Amino acid sequence: LYDLLTAYATERVKKMRGKTYKPPMPPVLLIEEARERLERMLGRIPDWSGLSRLLPFDWQGGQRRRSALASTLLACLELARDGRVEIRQMGPFEEIFIRDRGSEALA
14 LYDLLTAYAT
24 ERVKKMRGKT
34 YKPPMPPVLL
44 IEEARERLER
54 MLGRIPDWSG
64 LSRLLPFDWQ
74 GGQRRRSALA
84 STLLACLELA
94 RDGRVEIRQM
104 GPFEEIFIRD
114 RGSEALA
């Protein structure tokens, strides 16, 4: 039995040499793309809009949604750091809301 397993393993290693498993890359929305999109939306974002409402329409489902949500959140954090938007969350795991800093002058 040992010889049989050794022979199988040797042949398997020879056959697999040079081949590596490369899983398909999931779709990713770049943070830069999300930030550019949000910057274009500034001034048109309704007062305290939910983060999920700011996602690109074609990124609404599955893995695409997770990527879009993460990238959009990071882009919003960068814009908040720059003083261009405000971010609010009522409690842990609650919806995150965004508003344009320019809209506070209107309120």
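Residue numbers (the numbering used here): 14 to 120. Just so it is clear, CB atoms sit at the ideal spot from N, CA and C, and this is done for glycine as well. Quick caveat, the model's predicted, so the values are computed rather than measured.
Selection from the options that minimises the alpha carbon distance to residue i
| i | options | result |
| --- | --- | --- |
| Ile-109 | Ala-47, Gly-63, Glu-45 and Leu-87 | Gly-63 |
| Leu-86 | Gly-56, Arg-114, Asp-71 and Leu-43 | Leu-43 |
| Leu-46 | Gln-102, Ala-93, Ile-100 and Cys-89 | Here residue 46 is Glu; the residue named in the question, Leu, does not match the sequence. Of Gln-102, Ala-93, Ile-100 and Cys-89, the residue nearest in Cα terms is Cys-89. |
| Asp-40 | Gln-73, Phe-106, Glu-49 and Thr-23 | Per the sequence shown, the amino acid found at residue 40 is Pro instead of Asp. Nearest of Gln-73, Phe-106, Glu-49 and Thr-23 to Pro-40, Cα basis: Gln-73. |
| Glu-52 | Glu-107, Ala-93 and Ser-65 | Ala-93 |
| Arg-123 | Phe-106, Gly-104 and Val-98 | A query on residue 123 cannot be resolved here, the shown segment of the chain reaching from 14 to 120 and no further. |
| Asp-95 | Thr-23, Ala-83, Arg-77 and Gly-115 | Gly-115 |
| Met-38 | Pro-105, Ile-111 and Gln-76 | Gln-76 |
Residue i in three-state terms, based on DSSP
| i | result |
| --- | --- |
| Gly-104 | coil |
| Ile-109 | strand |
| Gly-63 | strand |
| Val-98 | strand |
| Val-26 | helix |
Outcome for residue i when other beta-carbon atoms lying within 10 angstroms are tallied against a minimum of 16
| i | result |
| --- | --- |
| Asp-113 | buried |
| Leu-14 | exposed |
| Leu-68 | buried |
| Ala-81 | buried |
| Ser-65 | exposed |
Residue range of the unbroken alpha helix (DSSP H) whose run includes residue i
| i | result |
| --- | --- |
| Arg-53 | 44-54 |
| Thr-85 | 75-94 |
CB contact check: residue i to chain C, cutoff 8 angstroms
| i | result |
| --- | --- |
| Leu-92 | In the displayed structure, chain C is absent; only one protein chain is listed. |
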